[in-house]
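Here the structure is laid out as structure tokens; the discussion comes afterwards.
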Amino acid sequence: MSYIRLKSVSVSYDLRNTNKSTNGKITRRFFALDSLNCEINDGDRVAVLGAAGSGKTSFLKVVSGILPPTKGTLHVNGKVNAELTKNHTMLGELSISDNIRLAAYYRGLKASQVDVYLNELLLSSGLDNFRNQPLKVLSAGMKRALTTSLLFADSAQVVVFDEWVNALTKVSEDGVDVFRDVIDRSDILIFATHKLPLVQKYCNRVIVLQDGVIVEDGPLEKVLPLYKAQLDPNELVEDSEDSDDEGL
Amino acid sequence: MPNSNPLGELSRTWQMRRYIAYRAYLNQKLSVRRSKIGIYIEPIMLIVSTFLITVVWNKLFGKGGGREFQDFYLYVLCSFTIWGFISSIVRKTSSTLVRRAKFITTTQDPLLSWVAIDLASELFSFLLLLPAVIVVCLLVSDGLHLSSVFYVIYGVLLVLLSGIGFGLTVGVACFYYGDLQRLISAFMSVAFLLTPIIWQLERLGEYKSYIYFNPFYNYLAVFRDGLLLGRVGNLELIIATSTTLVLLIVGLSFLRFQYRAIRAHAFSI
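Top to bottom, those sequences are chains A and B. Position 205, counted from 1, in the first sequence is what numbering that gives the first Met the number 0 calls 204; the numbers after and before it change by one each time, with no gaps. Position 157, counted from 1, in the second sequence is what numbering that gives the first Met the number 0 calls 156; the numbers after and before it change by one each time, with no gaps.
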């Protein structure tokens, strides 16, 4: 059974001046997360909401084990796959085949398994005819197809995405929702977003952060209306094409 | 967790060994992607440029011809080969963590794996040069000693392990002090002249013993003397091995602090 437990977790940074005369001097202590208590269990599909700078990415980094808490304890049971940045294993100058092979090795496959993985990925992403083309020449849609195929091929109990996930959630023309498949294969999903339609579509629980503190945590039906009510109508982000749609 | 103990860090990096090796191979492939000569360009350039330097030096400092010229050529060739390896490792590993700050703070990969990718890339380039250097040595000299194999492997291993330690200590220090990377680059140019690469140790005369304070010399001697003579001075071996161990131990002993330091300073990169 997968779970994540945070007990009084805080993350703080020393903010430093970057101007020349005081370079390196600590100006103040900034709490990105402040005494968080939270338990995420099997079956939870959690949306992390909040204004810019509210601590969403720090929260995701902590639950992924990337950022150790300054204070408090974190217990994670299950393999975590954190996709907080666009694929860092991808090299635009290299061919798609080379990039998929690299991704295969990154996922710990042996040399004998790599070719099978490569062929499966090329077929599932529909990029078989482009296997020897440099990654950088692909369109945003093709890159998205490749990224979702890579995610789908990965197995992890806990899947964590940062806001760039918005680009992956487009349903293809033939109605296939690959992101839904990624979710269905995991025990726990956590992602940060500003797009409320995505929250409604994929999540059953919402955590709202404000200045590093959890201000709301509960079922989708209860928390989302409260969150919407607090928002300025201009801040509501509808499910439209946006700058996140840049693939990799 | 990324802030694990040294054994955890080593173990997680070892699990990524295939990825690191393949990434190093791809880096090499990328570096020659626009070259017609491909991977042969580096060995050809090394052999030709060291030959030209030997000719010029021979004229300038009046060394003898024939056998003496051949010996000096091999000396310069071997020195350049290992110096290129050492200096690129020093430059690369000191900047690895700063260059990768964005990814270090957003992925679960161990710090050591980032340093290892750069080390593996440099090792890959070095291994492309080594066979050419050995062939030239076999052609020009009277033959190589069997013990040379051991010293070459040991010398390369020492440089790689030192690279790990250096990358994890100086690499972290570069987060605090932005000028450090530039200072290291400048220092390496001076170190090239202070190390017996294009001049021989005998030139120092009575000050010869001071050379042991130059850490690069000891690494150089293990590789060069090991390859050409099949033997290495005990002092050089001891100093090179001790320096490596100290760098490695220091680099792997403060991982918790290093992770915190990088994350705290990543904003300013």
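A virtual CB, placed ideally from N, CA and C, is assigned to each residue, including glycine. Values in this document were obtained by computation on a predicted structure and should not be read as measured data.
Test: residue i CB closer than 9 angstroms to a CB of chain B
i        : result
A/Lys194 : no
A/Ala152 : no
A/Ala110 : yes
A/Asp161 : yes
A/Val185 : Correcting the residue identity first, residue 185 of chain A is Ser in this sequence and not Val. False, the Cβ-Cβ gap to chain B never drops below 9 angstroms.
A/Asp97  : yes
A/Lys6   : no
A/Lys60  : yes
Per-residue contacts from residue i into chain B (C-beta, under 9 angstroms)
i        : result
A/Ala248 : Nothing about residue 248 of chain A can be read from this structure; chain A reaches only from 0 to 247.
A/Leu93  : Leu25, Lys28, Leu29 and Arg32
Neighbour-count burial assignment, residue i, 16 or more Cβ in a 10 Å radius
i        : result
B/Gln257 : buried
B/Tyr175 : exposed
B/Asn217 : buried
B/Gly204 : exposed
B/Trp13  : exposed
B/Tyr209 : exposed
A/Gly49  : buried
B/Asp141 : exposed
A/Gln229 : exposed
A/Pro224 : exposed
A/Asn80  : buried
A/Arg143 : buried
Where residue i falls: helix, strand or coil (DSSP)
i        : result
A/Gly246 : Bear in mind that the predicted position of A/Gly246 carries a pLDDT of just 35, short of 50, making it unreliable; the figure below should be weighed with that in mind. Coil at A/Gly246, not helix or strand.
A/Lys6   : strand
A/Cys37  : strand
B/Val200 : Note on identity: in this sequence residue 200 of chain B is Leu, with Val being the wrong assignment. B/Leu200 falls in the helix class under three-state DSSP.
A/Arg44  : strand
B/Pro214 : helix
A/Ala50  : coil
B/Asn26  : helix
A/Ser123 : helix
A/Leu225 : helix
A/Asn203 : coil
A/Asp13  : strand
A/Val212 : strand
A/Val158 : strand
A/Asp238 : A caution first: A/Asp238 carries a pLDDT of 47, below 50, which makes its placement in the model unreliable, though a value can still be read off. In the structure shown, A/Asp238 sits in coil (DSSP, three-state: anything other than H, G, I, E or B).
A/Phe190 : strand
A/Thr146 : helix
B/Arg181 : helix
A/Lys70  : strand
A/Arg27  : strand
B/Glu271 : Here chain B has residues from 0 to 268 only, and residue 271 of chain B is not among them.
A/Gly217 : strand
A/Ser251 : Here chain A has residues from 0 to 247 only, and residue 251 of chain A is not among them.
B/Leu118 : helix
B/Pro130 : helix
Under 8 angstroms by beta carbon: chain D residues contacting residue i
i       : result
B/Gln14 : This model lacks chain D altogether, as its protein chains are A and B.
Beta-carbon spacing of residue i, residue j below 9 angstroms
i        : j        : result
B/Phe164 : B/Val245 : Before going further, note that residue 164 of chain B is Gly rather than Phe in the sequence given. A contact, by the Cβ cut-off of 9 angstroms.
A/Gln209 : A/Ser7   : no
B/Gln27  : B/Ser120 : yes
A/Ile99  : A/Leu145 : yes
B/Gly154 : B/Gly225 : yes
B/Ala190 : B/Asn213 : yes
A/Val45  : A/Leu188 : yes
B/Asp117 : B/Gly166 : yes
B/Ile183 : B/Val171 : no
A/Cys37  : A/Asp216 : yes
B/Ser30  : B/Ser124 : yes
A/Leu90  : A/Leu134 : yes
B/Cys136 : B/Leu145 : no
A/Thr56  : A/Ser9   : no
A/Gly42  : A/Asn203 : yes
A/Leu5   : A/Phe29  : no
Proximal chain B residues relative to residue i, where beta-carbon distance stays under 8 angstroms
i       : result
A/Ile65 : Pro1, Thr104, Thr105, Thr106 and Gln107
Residue-chain proximity (residue i, chain A), Cβ-Cβ < 9 angstroms
i        : result
B/Lys35  : no
B/Lys28  : yes
B/Arg17  : yes
B/Tyr258 : yes
B/Arg181 : no
B/Arg255 : yes
Residues that residue i contacts on chain A, provided the C-beta gap is smaller than 9 angstroms
i       : result
B/Arg22 : Thr88, Leu90, Leu101, Tyr104 and Tyr105
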